[in-house]
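Take a look at the structure below.
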Amino acid sequence: MDITNIKFNDLGLVPAIVQDYATRQVLMMAWMNEEALKLTIETKKATFYSRSRQKLWIKGETSGNIQTVVTLDYDCDGDTLLIQVIPAGPACHTGNTSCFYRNLVSNEDLATGNIEILGNLQSLIADRKINPVAGSYTNYLFEKGVDKICKKIGEEAAETIIAAKNNDPQELVYESSDLIYHLLVLLNNQNVDLDSIYKELTKRHQ
Numbered sequence: 001m002d003i004t005n006i007k008f009n010d011l012g013l014v015p016a017i018v019q020d021y022a023t024r025q026v027l028m029m030a031w032m033n034e035e036a037l038k039l040t041i042e043t044k045k046a047t048f049y050s051r052s053r054q055k056l057w058i059k060g061e062t063s064g065n066i067q068t069v070v071t072l073d074y075d076c077d078g079d080t081l082l083i084q085v086i087p088a089g090p091a092c093h094t095g096n097t098s099c100f101y102r103n104l105v106s107n108e109d110l111a112t113g114n115i116e117i118l119g120n121l122q123s124l125i126a127d128r129k130i131n132p133v134a135g136s137y138t139n140y141l142f143e144k145g146v147d148k149i150c151k152k153i154g155e156e157a158a159e160t161i162i163a164a165k166n167n168d169p170q171e172l173v174y175e176s177s178d179l180i181y182h183l184l185v186l187l188n189n190q191n192v193d194l195d196s197i198y199k200e201l202t203k204r205h206q
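The sequence shown runs 1 to 206 under full-length UniProt numbering.
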């Protein structure tokens, strides 16, 4: 274990950015001292140093939301760590997946999008199931059940194939979006969450 390239600040600390290994979503930022870094490497469990309590803490030690470390990198200056983890639950004490759940500038304003939209869409679908809205197409699918949902997936898959065969990129994007939406409805209907898919994909990648 060689951590000589890590530059700790005057307080003996270095900032650590934690990222979901599967989704690449930034989950949180915390501080590490030399002992916390060594323990993280040895145990493969994200361990940090609390400046307020002045003691080490293992992420998820009390909540059960342990973060299993997959990779641990440092930046070009050696003064910031990037830790990719497989989380056992939400990173934020509020129950949110990431501590960075509040927008200073919205995605729409920045005209950007990323994989977080899948999580947002999944959450919206789950909310529709718990809190039905009159006229909601999602609720209509839930009411009709798995046979209807599967039929729609078949239809959207066929339309996606046709768009590809027609060499129509814009139509392919549109139909693929429909397909993904209906697949998310099916997963929710069958009580399968996105985290399970992410973990399976991660396992295959490894």
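C-beta: ideal position from N, C-alpha, C; glycine also.
Computed from a prediction, not measured in an experiment: that's the story for all the values here.
- The region 115 to 130 makes no contact with the region 77 to 88, as fewer than three CB pairs between them are under 8 Å.
- Ranked by Cα distance from residue 26, the first of 33, 32 and 18 is 18.
- Going by DSSP, residue 122 is part of the alpha helix (DSSP H) stretching over 116 to 130.
- Non-local C-beta neighbours of residue 67 in its own chain, meaning closer than 6 Å and more than five positions away in sequence, comprise 46, 59, 85 and 87, ordered along the chain.
- Our two residues, residue 70 and residue 194, have alpha carbons roughly 19 Å apart in a direct line.
- Distance between residue 29 and residue 81, taken at the CA atoms: about 10 Å.
- Beta-bridge partners of residue 67 (DSSP): 87.
- When only Cα atoms are considered, residue 7 and residue 63 end up about 31 Å apart.
- Within the same chain, and ignoring the five residues on either side of residue 185 in sequence, the residues whose Cβ sits closer than 7 Å to its Cβ are 125, 138, 141 and 149.
- Using a Cβ distance threshold of 9 Å, residue 175 and residue 163 count as a contacting pair.
- Under the criterion of beta carbons closer than 8 Å, residue 91 and residue 201 do not qualify as touching, at roughly 19 Å.
- Beyond the five residues adjoining it in sequence on each side, residue 96 comes within less than 8 Å, by CB distance, of 90 in the same chain, given in chain order.
- Under the DSSP definition of a beta bridge, residue 50 partners with 55.
- Rounded to whole angstroms, the gap between the alpha carbons of residue 187 and residue 100 is 26 Å.
- The three-state secondary structure of residue 146, taken from DSSP, is helix.
- Of the candidates 16, 37 and 20, 37 places its Cα closest to the Cα of residue 4.
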